Structures are given as structure tokens and as C-alpha cells.
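A.B. asks:
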Amino acid sequence: MEDPIEHRRRGVLWLNRWEVRPRDTGWAISASVHLDGPKDADLNPAQRPREPCWMSLILQLDLVKCGIPRGRITRTFHPKRDSGLLRCRRKGKQMKRIAVLTSGGDAPGMNAAIRAVVRTGIEKGWEVHGIRHGFAGLMAGVSQSMGARDVGGIIQHGGTILGSARCPEFKTEEGRLKAVHAIRRLQLDTVVVIGGNGSQTGSYELDKMGIPVVGVASTIDNDLYGSDPTIGVDTALNIALEAIDRLKVTASSHERAFLVEVMGRDCGYLALMAGIAGGAEAVVIPEAEPEPEKVANDLRSAYERGKGHAIVVVSEGAKNNAEAMATFFREQKDRLGFELRVTRLGHVQRGGAPQSFDRLLATRLGAEATRQLEQGKHGVLVGLLGGKVAATPLADVVSRKKSLDRDFLELAGILAK
Ligand code: ADP
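Heads up, the sequence shown is in my numbering, so the first residue is 3 and it goes up one at a time.
Listed below in C-alpha cells is the structure:
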């Protein structure tokens with residue numbers, strides 16, 4: 003720890019008021035900090051360091067309101083490490099209060115994004131509030147202050163500690179007005195929305211109503227314009243691949259054909275990439291739908307070419323999805339001479355622990371969201387474009403459709419030979 007006298011000489015003691023929020027107790031109190039040093043007015047603003055440093059403080063807390071005997075607490079605080087306990091107010095500068103929420107389908111990496119928003123927000127001297135259950139929580143107007151410790155140990159977990167929800171009411175003007183009133187009541191300045199296509203449409207609508215919003219691209223469907231890969235898709239792809247690899251083993255042993263249905267809604271990205279990386283014999287996606295008869299022919303010709311297994315990867319959004327394919331192959335079993343075993347991965351794909359790519363992507367995008375807000379920007383989605391973090395206007399995000407790279411489709415066909 004550095005010497006407080008040294009701090010004073012360097013003009014570090016520019017904090018003169020703290021809000022103390024002992025976590026886990028449910029109470030939050032303000033306290034004046036009696037610093038043995040010069041007041042703000044004594045300091046030359048040019049000398050003020052950008053970063054708070056270690057300092058030893060003696061706090062005289064008025065704890066009577068909390069039912070705790072008046073007392074004197076002496077301890078050492080580190081403004082960064084203890085930022086969950088302490089909030090600082092800078093004289094002459096309004097502190098920003100930002101909210102962060104996760105919405106729509108959960109995606110591995112959402113927690114890493116929340117963590118990055120919270121910690122980079124605190125670093126900028128802001129108060130960060132978490133809103134539970136997406137837009138539904140926003141409309142209900144319930145928020146919780148989040149500190150650096152509140153997001154500790156979550157980077158490796160899938161899902162979202164804030165919970166997510168689908169909230170049809172938010173699609174209505176009336177529903178969104180409820181959220182606007184709640185945001186004003188909670189005195190929140192801005193909202194960071196971590197979510198997919200639908201959620202970012204909600205972000206756009208909210209931003210148009212005068213609430214500054216920054217979106218963070220997060221969905222395993224990878225159907226969001228403004229980010230090449232979205233948070234979660236890489237982990238979901240790896241889960242699909244693990245399943246395909248295992249099915250291949252059993253398919254080879256029994257010379258059977260298997261169909262694997264993966265998620266992705268109307269976007270075939272996940273299925274196409276799983277098909278290529280998993281070495282599938284056929285891929286069925288909404289953007290390019292072979293008829294079941296063609297799929298059956300592809301599987302038969304793979305068998306005739308000496309392949310010991312046959313895997314079809316189907317996107318859930320395809321017209322000929324797992325159910326339709328299963329029905330066709332069941333009805334045509336005698337004519338085709340073989341049957342197709344169906345595996346639907348469903349939500350198994352969502353729940354995985356985020357892999358390195360998603361953790362890093364989420365961290366970068368979460369940090370970029372607060373950077374955008376710091377620069378006074380809003381009404382944008384932060385994503386990864388051409389390998390670089392970039393912000394795209396939400397107006398473009400909601401009006402444009404992400405197109406599938408047709409080269410990959412051709413490649414999948416060639417490699418299946
Ligand atoms: P995702 O964000 O994963 O695509 P959804 O499409 O289910 O998930 O959308 C999540 C939430 O976003 C919805 O439950 C709703 O609250 C909000 N939302 C979706 N579409 C709109 C819209 N057109 N206008 C306003 N809010 C919307």
C-alpha cells in the first residue's frame with residue numbers, strides 16, 4: 003500500500019464522498035469520508051489522476067438508521083477491488099447510472115459480457131445496475147446495483163446470471179412506455195442490451211423513445227446483422243460437433259444413417275458450419291432446401307462409394323426439418339431400403355460452458371459497449387466485423403438481413419464426396 007501522505011502530495015485525495023453498500027446485508031448508506039487531506043477545491047484539476055489508487059481511509063459511518071450502533075470503522079479500501087462496496091461521486095461530475103440486461107434466447111458468453119460491462123463501467127466511475135429477466139424486468143422496474151465482486155467467477159458459466167425472458171408485451175408501445183417510466187424512476191441514464199435479433203429490435207424501439215441504448219450481439223443463431231459471429235455461436239457449434247462426432251462412431255459401427263437437427267431458427271449458419279466441420283454427407287438449411295428424395299439419394303450414393311456412415315445435418319428452421327425428414331424416411335423405408343435415426347440437439351446446444359472464443363468475444367463487446375456510452379454514442383449494436391470490434395446503427399441492424407456465404411454451401415457439397 004502506498005503512503006497516504008504520498009497520495010496527498012500527488013493530489014489523489016480528490017474523493018470526498020462515498021456511498022457505502024455493504025453487500026449481503028440489504029442496506030445501503032451514504033457516508034462522508036473524512037479524509038486527512040486537501041478537499042477537491044484545493045487541487046489543481048490537471049493534477050488529478052485518472053485512476054483512483056490505493057488509499058487508507060477512516061470512515062465515520064452513521065449506522066443508526068440501519069439499526070446498527072453508531073460506530074467508527076477503520077479499514078483499507080482499494081477503489082477497484084472494493085468497488086462492489088464503494089461508490090464514489092466525483093465533485094462537479096454527474097455519475098452515470100447504467101443498466102445491463104440479457105434478453106431472448108440465452109447464449110454461452112452472456113455472463114462474460116455482463117462481467118465486462120459491469121467492470122468497465124465501474125472503472126469509468128459509473129454505477130452499474132443489473133436488470134433481471136430482460137425487458138420484463140425493465141418494465142417491472144426492478145434493478146440491483148452490481149459491483150465487481152458480483153460478477154466474479156461467472157466468466158466460465160453458460161446461461162446468464164441476470165436471467166433472460168421473452169416478453170411479448172415489450173413489442174407494444176404501451177409495454178415499452180412502462181419500461182421508459184421505470185427507467186426514469188430508477189434514474190438510469192442508459193441501458194446495455196445483450197441479446198439477439200428480437201432483443202435488438204426492442205433496443206432500437208427503446209432508443210427511439212429517448213432512452214439511450216447500446217446493444218451487444220449475442221445469439222447462438224448467428225442471424226444478427228452487424229456481427230459476423232455473435233456471442234455463443236462458436237460454443238454452440240462445438241457442442242453440435244461433439245454430438246456429430248459421437249453419432250459418427252455409432253453410425254460407422256452399424257452402417258446406419260443419422261440425422262442431427264441443430265438450432266438456428268431461420269438462419270442455416272449453425273447447421274451449415276456443423277455440416278462442414280463435422281464431415282456430414284448432406285446439409286439441409288432454410289436458405290437451400292434439398293427435397294428429402296435428394297437427401298436419400300445422397301446418402302445411398304455415399305454408402306455405394308464405400309462410406310461406413312452417413313450423417314445429415316438439418317437446421318430447425320428448414321421446411322424439411324427433423325420431423326418432416328423422419329416422416330418421409332419412415333414412410334419410404336421399404337422403397338429406400340434403409341431408415342434414418344433422428345437426434346434433435348435442441349436446447350443442449352445452449353447450455354454449454356462458453357469456450358475461449360466466446361469468452362473473449364463477449365469480453366471485447368461488453369467493454370466496447372461502455373466505451374461507446376462513454377463517447378456519448380447510443381442506438382448502436384456492438385459486434386465483430388472483419389475481425390474488428392465495430393458499432394453498427396441499430397436502424398441498419400433491424401432493417402437488414404444477414405446473408406449466408408454461398409461459398410460455404412458449395413464447399414459442403416464438394417467435401418461430402
Ligand atoms: P432473440 O433476442 O434471441 O432474437 P426474441 O426474438 O425472442 O429473442 O426477442 C426477445 C425479446 O425482444 C422479445 O420477447 C421482446 O420482448 C423483444 N422484441 C422482439 N421483437 C420486438 C419488436 N419488434 N419490438 C420490440 N421488442 C421486441
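A virtual CB, placed ideally from N, CA and C, is assigned to each residue, including glycine. Nothing here was measured: the structure is a model prediction, and the numbers come from that model.
Span of the beta strand (DSSP E) holding Q202?
C.D. replies: Where Q202 is concerned, there is no enclosing beta strand (DSSP E), although the alpha helix (DSSP H) it sits in stretches over N199 to K210.
A.B. asks: Buried or exposed: which applies to E129, given that a residue is buried once 16 or more other Cβ atoms fall within 10 Å of its Cβ?
C.D. replies: buried
A.B. asks: Between C269, Y271, A290 and G339, which lies nearest to Q303 when the distance is taken from Cα to Cα?
C.D. replies: It is Ser, not Gln, that sits at residue 303 in the sequence shown. Taking the Cα of S303 as reference, the smallest distance to any Cα among C269, Y271, A290 and G339 is reached at G339.
A.B. asks: Please name the residue in V195, L347 and Y227 whose C-alpha comes closest to that of H131.
C.D. replies: V195
A.B. asks: In chain order, what residues of the same chain have a beta carbon less than 6 Å from the beta carbon of Q146, not counting five sequence neighbours either side?
C.D. replies: Once the five neighbours on either side are set aside, the close Cβ partners of Q146 are G132.
A.B. asks: Can you find the residues in the same chain that come closer than 7 Å, C-beta to C-beta, to L396, ignoring five residues on each side of it along the sequence?
C.D. replies: Q202, S205, Y206, D209, G217, G381, V382 and L383
A.B. asks: When the Cα atoms are used, what is the spatial distance from S401 to G319?
C.D. replies: 20 Å
A.B. asks: Anyone know if the C-beta pair for L261 and V315 falls short of 9 Å?
C.D. replies: yes
A.B. asks: What does DSSP give as the partner residues of H131 in its beta bridges?
C.D. replies: Its beta-bridge partners are A101 and S147.
A.B. asks: Considering only heavy atoms of the ligand ADP, does any lie closer than 8 Å to the CB of K379?
C.D. replies: no
A.B. asks: Out of curiosity, what's the CA-to-CA distance linking A253 and G106?
C.D. replies: 35 Å
A.B. asks: The beta strand (DSSP E) spanning L375 covers which residue range?
C.D. replies: Per DSSP, L375 lies in no beta strand (DSSP E); the unbroken alpha helix (DSSP H) holding it starts and ends at S358 to E376.
A.B. asks: In whole angstroms, what is the alpha-carbon distance linking S220 and L190?
C.D. replies: 23 Å
A.B. asks: Could you tell me the boundaries of the alpha helix (DSSP H) in which R267 lies?
C.D. replies: Element bounds for R267: n/a, residue is neither H nor E.
A.B. asks: Can you list, in chain order, the residues of its chain with a C-beta nearer than 6 Å to that of L249? Leave out the 5 residues immediately preceding and following it.
C.D. replies: F260
A.B. asks: On the CB-based measure, 16 or more other CB atoms within 10 Å of its CB, does V235 come out buried or exposed?
C.D. replies: buried
A.B. asks: Is G149 buried or exposed, if buried means 16 or more other CB atoms sit within 10 Å of its CB?
C.D. replies: buried
A.B. asks: For L342, which option in A328, D247, A273 and N323 has the closest C-alpha, if you only look at C-alpha atoms?
C.D. replies: A328
A.B. asks: Could you check whether the Cβ of R178 sits closer than 8 Å to any heavy atom belonging to the ligand ADP?
C.D. replies: yes
A.B. asks: What's the gap between the Cα of V399 and the Cα of A245?
C.D. replies: Whole-angstrom Cα-Cα distance: 32 Å.
A.B. asks: According to DSSP, S317 sits in a beta bridge with which residue or residues?
C.D. replies: V264
A.B. asks: Does the Cβ of I241 have 16 or more other Cβ atoms within 10 Å, making it buried, or fewer, making it exposed?
C.D. replies: buried
A.B. asks: Starting from G217, follow the beta strand (DSSP E) in both directions and report where the run begins and ends.
C.D. replies: V215 to A219
A.B. asks: Assuming contact is defined by CB atoms lying nearer than 9 Å, are G368 and A118 in contact in what I supplied?
C.D. replies: Yes; because the gap between Cβ atoms is below 9 Å, this pair is in contact.
A.B. asks: Is G385 helix, strand or coil when you go by DSSP?
C.D. replies: DSSP places G385 within a strand segment (E or B) once states are collapsed to three.
A.B. asks: Would you decide whether V22 is buried or exposed? Buried here means 16 or more other CB atoms lie within 10 Å of its CB.
C.D. replies: For V22, the pLDDT reaches just 43, beneath the cut-off of 50, and the residue's location in the model is therefore unreliable, although a value from the coordinates is still provided. When all chains shown are included, V22 counts as buried.
A.B. asks: Per DSSP, P288 is paired with what?
C.D. replies: None; P288 has no bridge partner.
A.B. asks: Confirm the yes/no value for this check: CB of R168, any heavy atom of the ligand ADP, distance under 8 Å.
C.D. replies: yes
A.B. asks: Within 10 Å of its beta-carbon, does K419 have 16 or more other beta-carbons around it, so buried, or fewer, so exposed?
C.D. replies: exposed
A.B. asks: M211 to L179, Cα distance in whole Å?
C.D. replies: 8 Å
A.B. asks: Among G266, R267 and Y305, whose alpha-carbon lies nearest the alpha-carbon of A284?
C.D. replies: Y305
A.B. asks: Would you mind working out which of G123, H349 and A282 sits nearest L243, comparing C-alpha positions?
C.D. replies: A282
A.B. asks: Considering just the uninterrupted stretch of the alpha helix (DSSP H) at R346, what are its terminal residues?
C.D. replies: Element bounds for R346: not the alpha helix (DSSP H) but the beta strand (DSSP E), L342 to R346.
A.B. asks: Measuring only the C-alpha atoms, how far is H392 from A115?
C.D. replies: It should be pointed out that residue 392 corresponds to Ala in this sequence rather than to His. Between A392 and A115, the C-alpha separation is close to 15 Å.
A.B. asks: Measure the C-alpha to C-alpha separation of T237 and G389 and round it to an integer number of angstroms.
C.D. replies: 18 Å
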